[in-house]
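> Mind the numbering: the sequence shown is residues -27 to -1, 1 to 67 in mature numbering (1 follows the signal peptide of the UniProt record, and there is no 0), read in order.
Just so you know, even glycine gets a beta-carbon here, dropped at the ideal spot from N, CA and C.
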Amino acid sequence: MEHLMIKTLIAAATVAAVAYAVAPAQAAHRHHAGLGCSGDNLGKTEAAVEAMADNEVKFAAEKEVSLAQDAMLNNKWGACGAHLSKAAEASMAK
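#1: If you draw a straight line from the alpha carbon of residue 93 to that of Lys(-21), how long is it in whole angstroms?
#2: How big is the Cα-Cα spacing for Met25 and Lys31?
#3: Out of Trp50, Ala61, Met65, state which residue places its alpha-carbon closest to the alpha-carbon of Thr18.
#4: Please confirm whether Ser64 and Ala34 have their CB atoms less than 8 Å apart.
#5: Cβ of Glu37 within 8 Å of Cβ of His56?
As structure tokens, then:
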């Protein structure tokens, strides 16, 4: 009986630890700083940046898009969303 209770407690602790570790990563993947990191959002932001006139703001936005792509490839969803948001904000500035 005691052995079963210990196994149950270990299993419950494991499930809680996994849920605690995965939930923030999933939240960052869906939304960070207003813009989620996804292929669609990356494509839309990249297109908006490409449509900008050549200037320092455009070059900074292109760098942010590049950093977002790198973060996405390395499963760094929070960083990807942050870089995409910066690029999107720059593309809206005139």
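According to the structure shown:
#1: Residue 93 lies beyond the range of the chain shown here (-27 to 67); nothing can be said about it.
#2: 6 Å
#3: Ala61
#4: yes
#5: yes
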